[in-house]
Amino acid sequence: MVTLSYARQVEQRINDLLAQGNIAAASNQLQNIARNDNGAGVNNVYNRMYNTVAAANNAANQVAASQQPSGGGGNGGGNGGGNGGGGVAAPTVAGVYTKREGMYLVTYERMSDGTQREIDRAKERSAGDDVEAMFTNAGLDRAFVSQLVGIIDGLYQGNAAPTQGQMLNAIYNSEPYKKRFAANETIRQRLSGGQGRPGDRLLSPKEYIDLENTYRTIFQDAQMPTGFYDAPDDFNNLISNSISAAELQSRVNVAQDALQKADKATLDSLTKYYNLNQGDLVAYLLDPTKAMPVLEGISKQAANVYGMNSRSDLERMYESSKVGGAAARQGLDVGKSMSEEIVDQGKAKQADEAFSIAGAQDTDLRRLGRLYDQPLDFKDLVKESLSLTGGVDSGKKRRKLASKERASFGGQGALDRTSLRKAQDV
Numbered sequence: 494m495v496t497l498s499y500a501r502q503v504e505q506r507i508n509d510l511l512a513q514g515n516i517a518a519a520s521n522q523l524q525n526i527a528r529n530d531n532g533a534g535v536n537n538v539y540n541r542m543y544n545t546v547a548a549a550n551n552a553a554n555q556v557a558a559s560q561q562p563s564g565g566g567g568n569g570g571g572n573g574g575g576n577g578g579g580g581v582a583a584p585t586v587a588g589v590y591t592k593r594e595g596m597y598l599v600t601y602e603r604m605s606d607g608t609q610r611e612i613d614r615a616k617e618r619s620a621g622d623d624v625e626a627m628f629t630n631a632g633l634d635r636a637f638v639s640q641l642v643g644i645i646d647g648l649y650q651g652n653a654a655p656t657q658g659q660m661l662n663a664i665y666n667s668e669p670y671k672k673r674f675a676a677n678e679t680i681r682q683r684l685s686g687g688q689g690r691p692g693d694r695l696l697s698p699k700e701y702i703d704l705e706n707t708y709r710t711i712f713q714d715a716q717m718p719t720g721f722y723d724a725p726d727d728f729n730n731l732i733s734n735s736i737s738a739a740e741l742q743s744r745v746n747v748a749q750d751a752l753q754k755a756d757k758a759t760l761d762s763l764t765k766y767y768n769l770n771q772g773d774l775v776a777y778l779l780d781p782t783k784a785m786p787v788l789e790g791i792s793k794q795a796a797n798v799y800g801m802n803s804r805s806d807l808e809r810m811y812e813s814s815k816v817g818g819a820a821a822r823q824g825l826d827v828g829k830s831m832s833e834e835i836v837d838q839g840k841a842k843q844a845d846e847a848f849s850i851a852g853a854q855d856t857d858l859r860r861l862g863r864l865y866d867q868p869l870d871f872k873d874l875v876k877e878s879l880s881l882t883g884g885v886d887s888g889k890k891r892r893k894l895a896s897k898e899r900a901s902f903g904g905q906g907a908l909d910r911t912s913l914r915k916a917q918d919v
């Protein structure tokens with residue numbers, strides 16, 4: 494089966510032969526392409542060549558006919574004809590040839606007097622069309638493809654017939670291409686400088702876009718917040734570091750697993766305190782630098798719900814949620830403020846034990862407070878045991894009320910020294 498590329502090569506040979514006036518050889522070249530099932534593209538080229546050769550044959554026949562001697566007329570006729578026919582004969586067609594002018598194939602008739610005239614002009618930028626189709630089919634947006642088409646058309650302006658390779662070279666070295674496929678440029682520079690890494694290779698436009706789409710799907714499936722790795726520029730860092738889709742999926746899985754190990758109480762506190770979801774935290778664990786501006790942007794839109802200014806803020810939020818979750822497992826609600834203070838004071842590791850003791854004594858503490866009409870509950874004991882703000886006053890109040898109870902009930906109260914042996918007396 495004849496390919497379109499081969500048909501165009503034959504067409505060029507035919508045009509060259511016709512330009513030399515070798516019609517017979519040009520006609521023989523047509524035998525290289527049979528009119529069969531070669532496809533519309535090849536058959537169009539064949540029809541064009543056939544018509545061009547036929548026009549050249551007709552022109553040659555006209556020239557031959559014009560050169561035949563006319564009948565009759567002896568000397569007298571010849572002399573008379575000579576004397577009476579002083580006019581100059583009109584120029585006849587001596588040949589036909591086609592040449593490329595920019596993105597057009599133009600057919601000319603060569604006249605017997607040395608002049609020529611254009612008889613056909615057809616737009617023919619098949620190589621450019623092929624390159625344009627390649628980038629369009631790769632999934633690039635129309636505006637960007639239009640920029641590339643402008644580069645291709647610029648090559649045709651010099652009356653040249655640029656090859657597909659020349660077009661691709663011009664595109665790959667253009668600023669629009671380098672900007673859109675910035676990761677490729679980073680890898681290229683790394684490779685040329687002898688600093689290549691395992692997995693480094695330049696991706697074709699389709700490979701590049703397919704990888705971007707795969708990345709995007711992975712993040713969407715992980716319920717990443719909107720604005721986190723969902724635009725072409727976002728993927729440059731991943732691609733330029735030769736992060737495969739499999740490796741990215743593994744990273745996402747690790748981040749999600751870390752969060753899934755956090756119990757429901759911690760995740761509930763995260764939502765209750767800060768209105769953050771699991772996807773927000775996965776984004777942070779994957780790329781804190783990338784996640785923070787996104788989450789900070791959300792906070793500004795939500796009247797500073799998050800109250801974040803730096804990466805450490807999100808870490809504080811997550812640790813505070815873990816403290817709140819630990820309290821919830823004891824049936825206690827310490828609230829956002831106390832959870833944050835425990836984290837800020839570096840007491841998160843002692844919080845579990847403090848909650849356990851305070852939770853066990855909460856009922857008696859509340860009863861004692863009601864008995865003497867003063868608020869008292871587990872939070873006072875947590876403040877006291879962890880030396881939080883107000884812990885000294887809470888301890889004094891607890892001891893004072895316990896002393897009153899002992900005095901009232903013969904030296905024995907519900908909150909005696911044994912029951913509070915693990916609490917700090919400050």
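Numbering-wise (our numbering), the sequence shown opens with residue 494 and increments by one. Cβ coordinates follow ideal geometry from the N, Cα and C atoms, glycine included.
Q | Distance, ALA512 Cα to ASN525 Cα | A | On the sequence shown, residue 525 is found 32 positions in, with the first residue counted as 1. On the sequence shown, residue 512 is found 19 positions in, with the first residue counted as 1. CA-CA distance, ASN525 to ALA512, rounds to 19 Å.
(Q) According to DSSP, GLN609 sits in a beta bridge with which residue or residues? (A) Taking the first residue of the sequence shown as position 1, residue 609 is located at position 116. Partner(s): ARG603.
Q: Give me whichever residues DSSP pairs with LYS592 in a beta bridge.
A: Counted from its first residue, the sequence shown places residue 592 at position 99. Answer is VAL599.
(Q) Taking the beta carbon of ARG889 as the centre, do at least 16 other beta carbons fall within 10 Å, making it buried, or is it exposed? (A) Taking the sequence shown and counting its residues from 1, one reaches residue 889 at position 396. A small fix is needed here, since residue 889 is Lys in this sequence, not Arg. Label assigned to LYS889: exposed.
(Q) Using a Cβ-Cβ cutoff of less than 7 Å, which residues in the same chain neighbour ASP523 once the five nearest sequence positions on both sides are dropped? (A) Position 30 of the sequence shown, counting from 1, holds the residue named residue 523. First, the residue type needs correcting, since residue 523 is Leu and not Asp in the sequence shown. For LEU523, where only same-chain residues beyond five positions count, the Cβ hits under 7 Å are MET542, TYR543, VAL546.
Q) Is the region 711-718 in contact with the region 664-684, if contact means three or more CB pairs nearer than 8 Å? A) no
Q. For ALA587, which of helix, strand or coil comes out of DSSP?
A. Taking the first residue of the sequence shown as position 1, residue 587 is located at position 94. In this structure, ALA587 counts as strand in the three-state DSSP scheme.
(Q) Using a Cβ distance threshold of 8 Å, determine whether the region 637-645 contacts the region 698-709, with at least three qualifying pairs required. (A) no
Q) DSSP three-state call for ARG690: helix, strand or coil? A) Here residue 690 corresponds to residue number 197 of the sequence shown, with the count starting at 1. Note: ARG690 maps to coil in three-state DSSP.
Q. In chain order, which alpha helix (DSSP H) runs of at least 4 residues are fully inside the region 624-675?
A. Those alpha helix (DSSP H) runs which fall completely within the region 624-675 and span 4+ residues are 635-649, 657-665, 668-673.
Q: Return the first residue and the last residue of the alpha helix (DSSP H) that ASP855 is part of.
A: Taking the sequence shown and counting its residues from 1, one reaches residue 855 at position 362. For ASP855, the enclosing alpha helix (DSSP H) has its first and last residue at 841-864.
Q. Considering only the beta carbon of each residue, do THR834 and LEU881 sit closer than 8 Å?
A. In the sequence shown, the residue the question calls residue 834 occupies position 341. In the sequence shown, the residue the question calls residue 881 occupies position 388. According to the sequence shown, residue 834 is Glu rather than Thr. Yes, the pair counts as a contact, with Cβ atoms nearer than the cut-off.
Q: Would you mind working out which of PRO718, ARG822, LEU774 sits nearest ARG809, comparing C-alpha positions?
A: Here residue 809 refers to the residue found at position 316 when the sequence shown is read from its first residue. Restricting attention to PRO718, ARG822, LEU774, the CA atom closest to the CA of ARG809 is found in LEU774.
Q: Pull up the DSSP beta-bridge partners for ARG614, would you.
A: Counting from one through the sequence shown, the residue named residue 614 turns up at place 121. In DSSP, ARG614 forms a bridge with VAL599.
Q. Thinking C-beta only, is SER814 closer than 8 Å to TYR865?
A. As a working note, residue 865 is residue 372 in the sequence shown. As a working note, residue 814 is residue 321 in the sequence shown. It is not a contact, given that the beta carbons lie outside the stated cut-off.
Q) Where ALA668 and LYS699 are concerned, what is the direct C-alpha to C-alpha distance, given to the nearest angstrom? A) Translated into positions along the sequence shown, residue 668 becomes position 175. Translated into positions along the sequence shown, residue 699 becomes position 206. Here residue 668 is Glu; the residue named in the question, Ala, does not match the sequence. Distance between the alpha carbons of GLU668 and LYS699: 19 Å.
Q: Could you give the DSSP three-state label for ASN802: helix, strand or coil?
A: Here residue 802 is taken as the residue at index 309 of the sequence shown, counted from 1. Confidence at ASN802 is low in this model, with a pLDDT of 37, below 50, so its placement is unreliable and the value that follows should be read with caution. The answer is coil: DSSP assigns ASN802 none of H, G, I, E or B.
Q) Excluding sequence positions up to five away, which residues of its chain have a Cβ less than 6 Å from the Cβ of SER887? A) Position 394 of the sequence shown, counting from 1, holds the residue named residue 887. Excluding sequence neighbours, SER887 sits near ASP873, LYS876, GLU877.
Q: Counting only the same chain and skipping the five closest in sequence on each side, list residues whose C-beta sits under 7 Å from that of VAL836.
A: Locating residue 836 in the sequence shown gives position 343, where the first residue counts as 1. Excluding sequence neighbours, VAL836 sits near ARG809, GLU812, SER813, VAL816.
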